[in-house]
Amino acid sequence: MERKISEEQGQALVKLARKTLADYLGTSPAGQDDTMEILKDNALNMKRGVFVTLHKKGQLRGCIGFLDAREPVVEAVRQNAINAAFRDPRFSPLKPSELGEIDIEVSVLTEPAVLEYTDSQDLMERLRPGIDGVIIRQGFATATFLPQVWEQLPDKEEFLCQLCLKAGLSAHAWRKAGVEVLTYQVQYFGEK
Numbered sequence: 001m002e003r004k005i006s007e008e009q010g011q012a013l014v015k016l017a018r019k020t021l022a023d024y025l026g027t028s029p030a031g032q033d034d035t036m037e038i039l040k041d042n043a044l045n046m047k048r049g050v051f052v053t054l055h056k057k058g059q060l061r062g063c064i065g066f067l068d069a070r071e072p073v074v075e076a077v078r079q080n081a082i083n084a085a086f087r088d089p090r091f092s093p094l095k096p097s098e099l100g101e102i103d104i105e106v107s108v109l110t111e112p113a114v115l116e117y118t119d120s121q122d123l124m125e126r127l128r129p130g131i132d133g134v135i136i137r138q139g140f141a142t143a144t145f146l147p148q149v150w151e152q153l154p155d156k157e158e159f160l161c162q163l164c165l166k167a168g169l170s171a172h173a174w175r176k177a178g179v180e181v182l183t184y185q186v187q188y189f190g191e192k
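This is the structure:
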């Protein structure tokens, strides 16, 4: 059973992500960090999938994470904050001058589960916009959209087409046999 993370714990994770970036950039202010005690809670030291998303002026600035439960939540936040800021191949590395302009979001995932469906219509009927994160796989091609992406792509067909393109597949690969779909849910916490 995956434990829920409280709002206070979630906000501590967001602060941890910001502090990790400030430390990495050498811009951390001196002083006591009040989140360290909260971060010791067992719920935050269980292994879970975690994504860190950066936005700048409302636009995506970086997003990287682990779908699988490979690291404790606290460590996954640290690693993915750095990865989102400096290793997302879609963006140039974050500059120290940008740190104050970005908003940070941390998403903690449930374990992905295979979504059973009979055909493309059944697949669309089973998806829950705003609730389900979706993973699509075919061979070595794989991609995911967090549940928050439904805000930008509310149409199920368009959502699936864009997810296929992200995976390097044809836009309509989801309509054909041989595509595996998994879903998961998230608790997400942000600065805004």
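Just so we're aligned: the sequence shown equals residues 1 to 192 in the UniProt record's numbering. Cβ coordinates follow ideal geometry from the N, Cα and C atoms, glycine included.
Apart from the five residues on each side of it in sequence, which residues of its chain come closer than 8 Å, Cβ to Cβ, to residue i?
i    : result
T142 : I135, I136, A167
V50  : G65, F66, E71, V73, A76, V77, N80, V106, S107, V108, L109
S92  : none
Would you report the Cα separation of residue i and residue j, rounded to the nearest angstrom?
i    : j    : result
L39  : C63  : 22 Å
L127 : S97  : 40 Å
L115 : T20  : 35 Å
M1   : P147 : Annotation note: pLDDT 48 at M1 (below 50); position unreliable, coordinate value reported separately. Those two C-alpha atoms are separated by around 21 Å.
H172 : E180 : 13 Å
T85  : L94  : Rather than Thr, the amino acid found at residue 85 in this sequence is Ala. One C-alpha to the other measures close to 5 Å.
R90  : D119 : 33 Å
A177 : Y24  : 45 Å
R175 : A69  : 29 Å
E7   : V186 : 13 Å
D122 : E111 : 22 Å
I82  : R18  : 10 Å
Q59  : P129 : 21 Å
D155 : E37  : 42 Å
State the beta-bridge partners of residue i as determined by DSSP.
i    : result
A143 : I136
A85  : BP columns for A85 are empty, so no partner.
H55  : L60, D103
F66  : V50
L182 : V114, I135
Y24  : In DSSP, Y24 forms no bridge with anything.
P72  : K47
V108 : V50, Q187
Since I believe residue j is in contact with residue i (beta carbons under 8 Å), could you give me their beta-carbon distance rounded to a whole number of angstroms?
i    : j    : result
Y188 : G133 : At roughly 10 Å, the Cβ-Cβ gap does not stay under 8 Å, so Y188 and G133 are not in contact.
H55  : R48  : Contact flag wrong, Cβ pair sits at about 22 Å.
V73  : V52  : About 11 Å separates the two Cβ atoms, so there is no contact after all.
W150 : F140 : So it is not a contact: roughly 26 Å between Cβ atoms.
I104 : L44  : Actually they do not touch by this definition, with Cβ atoms about 16 Å apart.
Q11  : D41  : About 13 Å; that fails the 8 Å criterion.
E101 : M124 : Actually they do not touch by this definition, with Cβ atoms about 38 Å apart.
By the 10 Å Cβ neighbour count, where 16 or more other Cβ atoms means buried, how is residue i classified, buried or exposed?
i    : result
V14  : buried
Q79  : buried
T144 : buried
D88  : buried
A113 : exposed
I131 : exposed
L16  : buried
Going by beta carbon distance, what residues of the same chain come within less than 7 Å of residue i, once the five residues before and after it are set aside?
i    : result
S170 : C164
L153 : F159, Q162
L99  : L21, A22, L25, T27
Looking only at its chain, what residues have a beta carbon closer than 6 Å to the beta carbon of residue i, apart from the 5 residues adjacent to it on each side?
i  : result
R3 : A43
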